[in-house]
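Asks:
Number of protein chains: 2
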Amino acid sequence: MTKPSIPKGTRDFNALEMARRNYIFDTVKQVFQLYGYQQIETPAMEQMASLMGKYGEEGDKLLFRIQNSGEKAAEAPEKGLRYDLTVPFARFVVQHRDELQFPFRRFQIQPVWRADRPQKGRYREFYQCDVDVIGSESLMNEVELIQIVEEVYRRFGMRVCLHLNNRKILAGIAEVIGAPDKMMDITVAIDKLDKIGLDKVNEELLERGLSQEAVDKLQPILSMTGDNEAKLQTIGTLLAGSEVGTLGVQETASVLAAVKQLEVALPIELDLTLARGLNYYTGAIFEVKALDVQIGSITGGGRYDNLTGIFGLPGVSGVGISFGADRIYDCLTELNLYPAAMLDQTQVLFVTFGDAELQYAAVAARQLRQQGVRVEVYPEPAKMKKQMAYADAKQVPFVAIVGGDEMANGTVMLKNMATGEQQQVAIDKIEEVIR
Amino acid sequence: MTKPSIPKGTRDFNALEMARRNYIFDTVKQVFQLYGYQQIETPAMEQMASLMGKYGEEGDKLLFRIQNSGEKAAEAPEKGLRYDLTVPFARFVVQHRDELQFPFRRFQIQPVWRADRPQKGRYREFYQCDVDVIGSESLMNEVELIQIVEEVYRRFGMRVCLHLNNRKILAGIAEVIGAPDKMMDITVAIDKLDKIGLDKVNEELLERGLSQEAVDKLQPILSMTGDNEAKLQTIGTLLAGSEVGTLGVQETASVLAAVKQLEVALPIELDLTLARGLNYYTGAIFEVKALDVQIGSITGGGRYDNLTGIFGLPGVSGVGISFGADRIYDCLTELNLYPAAMLDQTQVLFVTFGDAELQYAAVAARQLRQQGVRVEVYPEPAKMKKQMAYADAKQVPFVAIVGGDEMANGTVMLKNMATGEQQQVAIDKIEEVIR
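Those protein sequences? They're chains U and A, same order as listed.
Quick note on numbering that gives the first Met the number 0: the first sequence kicks off at 0 and runs consecutively.
Quick note on numbering that gives the first Met the number 0: the second sequence kicks off at 0 and runs consecutively.
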């Protein structure tokens, strides 16, 4: 028989990996709850009709389809695996709208599946951690999401920078330079400024079909310098004639002012090159980058004005962000930022050399567990060496050795595995000693 | 557009349901960890070759198959959704055996999928909570699992009874009455004793092909009375001539003696009618029933001697149990046993009537969150009635109302939603008042 395997692009998670992942999930969850967001879950399978056409042509091809098992096709509409958490959330809101309170603040931490070609750091099954508020147009929501980002990474001990953009600003720029259909081209070109320089960017803009006049009008944006306020000033002047653009500048200024007033300790950079989700975001766009790890975006999101429209409920505005658990995992690993006591591992292992000792250990272990101590009893009186090797491999901090003397005295020989020290300790004193 | 829906047999979970489910998962998880069990996770998809033939002919039909999306079949072996956690665990152990410490204590809490016909209480997607130790034949493991059952239901506040059987006893009985191939028939017949009476059971046994002599020999078992010890005595006498039967009696006696010595406060009933998993369990068989809810088995498991044999690693013995999260959920709901503070819900909602008040509330909320209080700010200065209705619907215990006076004083008007009392409280005193 060949060694068993798992499908390409999927992963098993062992105890250490699970402890680290749980640390990430628990941390974001606690922060989400601090802001009143509530958890929901949706099924792994959605109706194919709910998924198709929601992720573009390319996305449709990456959907995993479920075969109906022995059912007639007419009875059972086709199903597919969840591709992200956003579309199921929109479906959930529409389906349950009469039971929900709006503004509805929800978070969702579940796996998604994509039939992408697997490669380093890209999997066919991975978790998303999404936090969204729907049914409110207030910019206070943007401000709160920024605070959530600040608090999550403060708890992780990671230095990050939040890049902020606004689709309305991009639309305004395209409008005032007279190329309203070239918003994406302009954004992509600006993004290359650092790499290829102003001259090449201008060349590329002309190649992409912008007029010389449009390119000329864009120069103040391409050459602007200074902090966020200075940049907003430059942009505001350029966009004075555009209603949508001016609104975008006002929204961004308002968010930045609120963040400043709250003394949010998170570097925020106004970044017009941020082109994330331009086909569905309608206002603010966020992206978070780690400052000490080369890994790309680790969190991102934005404001959407018509998410539930795809399921027949138009005019509901929302804003949300998604934390990339796999990339955060890689960052925390590379930066060695996991807390030492994170693994809820065994604190004491009982080691015995006979059946009577094993029974004695079982009673002692029961008593310790009632005190809240995580205890294992090596389940058989194996050789000392084997039991100690088990303790070493599992990195158990204390081993309680039980022999005849200990049984006679009501004690154990308690060995501190880090220092090698050992002492006889009465059973009811073990908890005190190991704390 | 028609109202969106989800596939038959699947469920959405709202905030209250999630809080209850998390309470169940967290409780079993904490108990598993108290005994040194470590969490693992496996992918939702397994190779079809890992799943086929593992659940009998009927099970094969209930597997959900995944269609390969645009890949050549030769490149991508067929995949299916996980049907239970046991087969993926066996696959995991064999695949990672060189990295694991044995005895390997693992738990796993993940959804499984079965293309069963959906009905009340039976879903196509549901969670299993499995806890197993593999690589040890010691009966200490059975004793620990019984203690885990005791502790889990003690924490839930549920009265349960653990039914205990042993496949070796059943095999011994079939052997000594001269019908070694009739083990299942005998078990099924004994199970009907309460319902149809001794005479009918004897008739049925003859119909099922047992000889009159075999039925006669079975009479001491069918008519035995008394507590577990008395029953074991009766069985032991009958099985004196059977090696496997005697071993089963010894194992059971040994487990019951250890449980008694440990003063386990869980009713345990020796129950020969327990026929769970007779095709793979080889020793102890467990089943837990709620005493105050009519719902069938809520937890079950047993000892298996060759689980990993299906993946080419023979001779590894293990024992495990599975907690049925959906049925436990129904029990706790029916018995109203969820703790009041279980829902990690918002503790204070800020209600405001203007933009300046909203900014003031944002600062106050930030301060409270730094003290660990879960706070929401209603994100826009909507009508009082609307904001209070939101607080009511979400059952927020305290509302902090901000008007001009409060802003001038550095206070809020704090309303206790349960009593209706309200008082002006300085922002830095709110945390004290609501605790």
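Note that the Cβ used here is the ideal one computed from N, Cα and C, for glycine as well.
Any chance you could list the alpha helix (DSSP H) runs of at least 4 consecutive residues sitting entirely within the segment 355-424 of chain U, in chain order?
Replies: The qualifying runs are 383-392 and 403-408.
Asks: Buried or exposed for residue 241 (chain U), going by 16 or more other Cβ atoms inside 10 Å?
Replies: One-based indexing of the first sequence puts residue 241 (chain U) at position 242. Per the 10 Å Cβ criterion, buried.
Asks: Compile a chain-ordered list of the residues in the segment 305-325 of chain U whose CB is closer than 8 Å to at least one CB of chain A.
Replies: The residues in question are 310 and 311.
Asks: Nearest chain A C-beta to residue 91 (chain U) closer than 8 Å, yes or no?
Replies: Start at 1 with the first residue of the first sequence, and residue 91 (chain U) comes out as number 92. It does; some Cβ of chain A falls within 8 Å.
Asks: Expressed to the nearest angstrom, what Euclidean distance is found between the alpha-carbon atoms of residue 256 (chain U) and residue 263 (chain U)?
Replies: Within the first sequence, the letter at position 257 stands for residue 256 (chain U). Within the first sequence, the letter at position 264 stands for residue 263 (chain U). Roughly 11 Å between the two C-alpha positions.
Asks: What does a CB cutoff of less than 6 Å around residue 107 (chain A) pick up in its chain, not counting 5 residues either side in sequence?
Replies: Indexing the second sequence from 1 puts residue 107 (chain A) at position 108. The residues are 39, 84 and 129.
Asks: Going along chain U in order, which residues have a C-beta closer than 9 Å to the C-beta of residue 17 (chain A)?
Replies: Taking the second sequence and counting its residues from 1, the one referred to as residue 17 (chain A) is at position 18. The contacting residues are 37, 38, 39 and 40.
Asks: Closer than 7 Å by C-beta to residue 152 (chain U): which residues in its own chain qualify, once you throw out the five before and the five after it? Chain order, please.
Replies: As a working note, residue 152 (chain U) is residue 153 in the first sequence. Answer for residue 152 (chain U): 159, listed in chain order.
Asks: Mapping the DSSP letters down to three states, classify residue 116 (chain U) as helix, strand or coil.
Replies: Taking the first sequence and counting its residues from 1, one reaches residue 116 (chain U) at position 117. Residue 116 (chain U): coil per DSSP, three-state reduction.
Asks: Can you confirm whether residue 352 (chain A), when its beta carbon is compared against all beta carbons of chain U, has any partner nearer than 8 Å?
Replies: The residue given as residue 352 (chain A) occupies position 353 in the second sequence. So no, residue 352 (chain A) is outside the interface.
Asks: Please confirm whether residue 245 (chain U) has its beta-carbon closer than 8 Å to some beta-carbon of chain A.
Replies: Start at 1 with the first residue of the first sequence, and residue 245 (chain U) comes out as number 246. No - not a single Cβ of chain A is within 8 Å of the one on residue 245 (chain U).
Asks: So what's residue 188 (chain U) in DSSP terms, helix, strand or just coil?
Replies: Taking the first sequence and counting its residues from 1, the one referred to as residue 188 (chain U) is at position 189. Residue state, collapsed to three classes: helix.
Asks: Can you pull the DSSP bridge partners for residue 289 (chain U)?
Replies: Within the first sequence, the letter at position 290 stands for residue 289 (chain U). Paired residues: U:159.
Asks: So, for residue 409 (chain A): in the same chain, excluding its five sequence neighbours on each side, which residues have a beta-carbon less than 8 Å away from its beta-carbon?
Replies: Along the second sequence, one-based indexing puts residue 409 (chain A) at 410. Within the same chain, residue 409 (chain A) has close Cβ partners 425 and 426.
Asks: Please determine, among A:421, A:82 and A:350, the residue with the shortest C-alpha to C-alpha distance to residue 52 (chain A).
Replies: The residue you call residue 52 (chain A) lines up with position 53 of the second sequence. Taking only the C-alpha atoms, the option nearest residue 52 (chain A) is A:82.
Asks: Tell me, please, whether the CB atom of residue 88 (chain U) is closer than 8 Å to any CB atom in chain A?
Replies: Taking the first residue of the first sequence as 1, we reach residue 88 (chain U) at position 89. Not closer than 8 Å to any Cβ of chain A, the Cβ of residue 88 (chain U) fails to qualify, so no.
Asks: Name the DSSP bridge partner or partners of residue 283 (chain U)?
Replies: Here residue 283 (chain U) refers to the residue found at position 284 when the first sequence is read from its first residue. Looking at the DSSP assignment, residue 283 (chain U) forms a beta bridge with U:165.
Asks: Suppose contacts are defined by Cβ-Cβ distances below 8 Å. Is residue 120 (chain U) in contact with residue 168 (chain U) by that definition?
Replies: Here residue 120 (chain U) is taken as the residue at index 121 of the first sequence, counted from 1. Here residue 168 (chain U) is taken as the residue at index 169 of the first sequence, counted from 1. Not in contact: residue 120 (chain U) and residue 168 (chain U) (Cβ atoms no closer than 8 Å).
Asks: Relative to the C-alpha of residue 321 (chain A), which candidate in A:47, A:109, A:103 and A:400 has its C-alpha closest?
Replies: Counting from 1 along the second sequence, the entry for residue 321 (chain A) is found at position 322. Residue A:109 is the option with its Cα nearest to residue 321 (chain A).
Asks: Compare the C-beta of residue 135 (chain U) with all C-beta atoms of chain A and state if any pair is closer than 8 Å.
Replies: Residue numbering aside, residue 135 (chain U) sits at position 136 when the first sequence is read from its first letter. Closer than 8 Å to some Cβ of chain A, the Cβ of residue 135 (chain U) qualifies, so yes.
Asks: When you compare only the Cα positions, how much space is there between residue 22 (chain A) and residue 201 (chain A)?
Replies: Position 23 of the second sequence holds residue 22 (chain A). Position 202 of the second sequence holds residue 201 (chain A). Rounded to whole angstroms, residue 22 (chain A) to residue 201 (chain A) spans 47 Å at the Cα level.
Asks: Drop a sphere of 10 angstroms on the beta-carbon of residue 243 (chain U), count the other beta-carbons inside from all chains shown, and report buried for 16 or more, exposed for fewer.
Replies: Within the first sequence, numbered from 1, the residue matching residue 243 (chain U) stands at position 244. Buried, since its Cβ has 16 or more Cβ neighbours within 10 Å.
Asks: Find the residues of chain U that neighbour residue 345 (chain A), judging by a C-beta separation of less than 7 Å, and give them in chain order.
Replies: Position 346 of the second sequence, counting from 1, holds the residue named residue 345 (chain A). Simply 35.
Asks: Excluding sequence positions up to five away, which residues of its chain have a Cβ less than 8 Å from the Cβ of residue 376 (chain U)?
Replies: As a position in the first sequence, residue 376 (chain U) is number 377, starting the count at 1. Excluding positions up to five away in sequence, the list reads 348, 349, 351, 357, 360, 361 and 364.
Asks: State yes or no: is the C-beta of residue 186 (chain U) within less than 8 Å of the C-beta of residue 272 (chain U)?
Replies: Along the first sequence, read from residue 1 onward, the residue named residue 186 (chain U) stands at position 187. Along the first sequence, read from residue 1 onward, the residue named residue 272 (chain U) stands at position 273. Cβ distance < 8 Å, so residue 186 (chain U) and residue 272 (chain U) count as in contact.
Asks: If distances are taken between C-alpha atoms only, which option among U:278, U:395, U:416 and U:33 comes closest to residue 170 (chain U)?
Replies: In the first sequence, counting from the first residue as 1, residue 170 (chain U) sits at position 171. Of the listed residues, the one whose Cα sits closest to residue 170 (chain U) is U:278.
Asks: List, in chain order, every chain U residue whose beta-carbon is nearer than 8 Å to that of residue 11 (chain A).
Replies: As a first step, residue 11 (chain A) must be located in the second sequence, where it is residue number 12. What residue 11 (chain A) touches in chain U: 39, 40, 41, 42, 91, 94 and 95.
Asks: Any C-beta of chain A within less than 9 Å: which residues of the segment 138-163 of chain U qualify?
Replies: Of all residues in the segment 138-163 of chain U, 138, 139, 140, 142, 143, 146 and 150 have a Cβ within less than 9 Å of some Cβ in chain A.
Asks: Residues in the same chain with beta-carbon distance under 7 Å from residue 432 (chain U), minus the five sequence neighbours each way, listed in chain order, please.
Replies: In the first sequence, the residue the question calls residue 432 (chain U) occupies position 433. Hits under 7 Å: 413 and 424.
Asks: Looking only at its chain, what residues have a beta carbon closer than 6 Å to the beta carbon of residue 154 (chain U), apart from the 5 residues adjacent to it on each side?
Replies: Translated into the one-based positions of the first sequence, residue 154 (chain U) becomes position 155. Within the same chain, residue 154 (chain U) has close Cβ partners 26.
Asks: Looking at the secondary structure, which residues open and close the alpha helix (DSSP H) in which residue 28 (chain U) lies?
Replies: Numbered from 1 along the first sequence, position 29 holds the residue referred to as residue 28 (chain U). From DSSP, the alpha helix (DSSP H) with residue 28 (chain U) extends over 14-33.
Asks: From residue 224 (chain U) to residue 234 (chain U), what distance separates their C-alpha atoms?
Replies: As a working note, residue 224 (chain U) is residue 225 in the first sequence. As a working note, residue 234 (chain U) is residue 235 in the first sequence. Residue 224 (chain U) and residue 234 (chain U): Cα-Cα distance of roughly 11 Å.
Asks: Three or more beta-carbon pairs under 8 Å between the segment 86-96 of chain U and the segment 306-318 of chain U, yes or no?
Replies: Taking 8 Å as the limit for Cβ pairs, the verdict is that the segment 306-318 of chain U does touch the segment 86-96 of chain U.
Asks: To which residues of the same chain is residue 175 (chain A) closer than 7 Å at the C-beta, ignoring the five residues directly before and after it?
Replies: On the second sequence, residue 175 (chain A) is found 176 positions in, with the first residue counted as 1. Hits under 7 Å: 216, 237, 238, 240, 241 and 244.
Asks: Any beta carbon from chain A within less than 8 Å of residue 333 (chain U)'s own beta carbon?
Replies: Translated into the one-based positions of the first sequence, residue 333 (chain U) becomes position 334. Output row for residue 333 (chain U): interface = no.
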